[in-house]
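So the structure is just underneath, and the comments pick up after that.
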Amino acid sequence: MKNINAFFQFLTGQVRGYSKSRSSSRRFKAYYLDTKNDTKGVGAKIIDYFLGRMLIFVGIFSVLFIEFRNIYIALMASIIILTLMHIMSIEIRNKKIEKGRVKKRRYIASQKVYKEIMNKTQEELKNYVTELLVKMNFSNLSFSYIQNKAILYSANLNNEKLNILFLSYKNDLDVEVKDIKEMIQSLVKNEVKKGIVITTSDFTKDCYTFIEQLTGKYKLMLVNKDTFLKLIEKNGMFPKDEEIDELIENKISKKERKLKEYKDIALSPNKIKSYLFLFGYLFLASFYVPFRTYYMGVAVFALIMGLVSMTLTTIKRKNEHDETVNMDYLFKNF
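Anchor point for the sequence shown: position 25 equals 25 in UniProt numbering, and the numbering is continuous, going up by one each time.
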């Protein structure tokens with residue numbers, strides 16, 4: 001029995017270690033630094049990084065060599081300056097990674113929580129909101145269903161009675177002033193002075209204006225989707241780190257598959273003739289146009305693309321031939 005427990009503890013430790021190493025891996029760090037318009041892969045970014053550093057080094061070295069006329073002084077000074085710049089860039093990059101990590105992980109967790117809330121049944125939704133309110137120190141909770149996924153709570157907070165209206169609306173459907181007025185009517189009916197309206201969407205501008213102009217003994221607090229999600233996060237009801245890691249891994253994998261699809265399209269077999277034709281056309285045209293160097297450069301690029309496409313097509317066909325699967329053998333011991 002002890003051996004079995006030790007084995008399970010070992011497995012648990014391995015899983016935790018894997019999760020920890022994955023969340024701090026280069027792939028995850030690259031994801032934290034990604035922007036919406038960034039379509040480059042990790043490999044392309046590494047190449048850009050080294051090319052950029054090389055250009056900076058050459059620039060610094062050239063300036064120092066012209067200044068001191070000594071290759072050794074220029075070389076050593078360039079290395080020192082580039083090293084200092086590298087250290088500073090690492091510090092800046094680490095801060096960006098940490099900022100992106102917090103922002104993106106929270107966004108992904110929020111999206112997951114929101115989708116789960118919107119897919120809950122009325123009973124599941126009631127239990128979920130009740131759990132949140134209990135964690136927020138509301139007591140003596142009682143509820144009534146007003147309509148589909150609209151719940152009115154009666155509760156106490158700091159020995160004061162109040163009503164809480166929860167409205168499960170989609171993003172494109174905001175709470176309107178008429179809903180707020182109905183909430184005030186329920187306060188009057190229940191002889192309660194304070195109320196809270198929580199929604200999974202937002203409130204119209206008129207709602208906020210109406211609340212600001214609200215006078216008298218009744219007070220209402222409006223809690224929109226963003227504030228609602230922050231309350232969920234603050235009260236420990238967000239997904240665990242392992243769940244967020246899984247979602248991030250899935251997003252990274254989808255992006256990598258999409259980049260591979262783009263690469264496969266650019267280097268597909270049916271593009272070979274086009275690349276070779278383009279090379280021949282531009283090569284011949286370069287002798288009759290003023291911008292010969294430009295045409296020759298594009299022609300060479302087209303030739304390289306054609307040769308790469310031919311090479312990859314040959315390798316792919318060979319692998320497809322070698323990796324033929326025997327279905328009978330595959331399912332023999334299934």
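All C-beta atoms, glycine included, are put in the ideal place defined by N, C-alpha and C.
- Of the residues assessed, methionine 183 falls on the buried side of the cut-off, its CB having 16 or more other CB atoms within 10 angstroms.
- Just so you know, the alpha carbons of leucine 229 and lysine 205 end up roughly 20 Å apart.
- Listed as beta-bridge partners of leucine 165 by DSSP are Leu152 and Val197.
- Less than 9 Å separates the beta-carbon of threonine 199 from that of serine 168.
- Around the beta carbon of arginine 26, fewer than 16 other beta carbons sit within 10 angstroms, so the residue counts as exposed.
- Closest by C-alpha distance to lysine 120, out of Ile92, Lys99, Lys149 and Ser144, is Lys149.
- With respect to the 9 Å criterion, tyrosine 275 and leucine 303 are classified as neighbours on the basis of their beta carbons.
- The C-beta distance from alanine 109 to proline 290 rounds to 58 Å, too long to meet the 8 Å contact threshold.
- A straight-line Cα-Cα distance of about 12 Å links alanine 155 and serine 144.
- Contact between asparagine 137 and leucine 152 does not hold, since their C-beta atoms are separated by about 20 Å, which reaches or exceeds 8 Å.
- One thing to note: serine 78 has its Cβ no nearer than 9 Å to the Cβ of phenylalanine 50.
- Methionine 221 carries a strand assignment under DSSP once its states are collapsed to helix, strand and coil.
- Taking a contact to require three or more Cβ pairs closer than 8 Å, the segment 207-217 and the segment 240-259 do not qualify as touching.
- Beta-bridge annotation (DSSP): glutamate 160 is paired with Leu157.
- Contact check for isoleucine 180 against phenylalanine 166 fails: the beta carbons are separated by 9 Å or more.
- For phenylalanine 143, the enclosing beta strand (DSSP E) stretches over residues 139-147.
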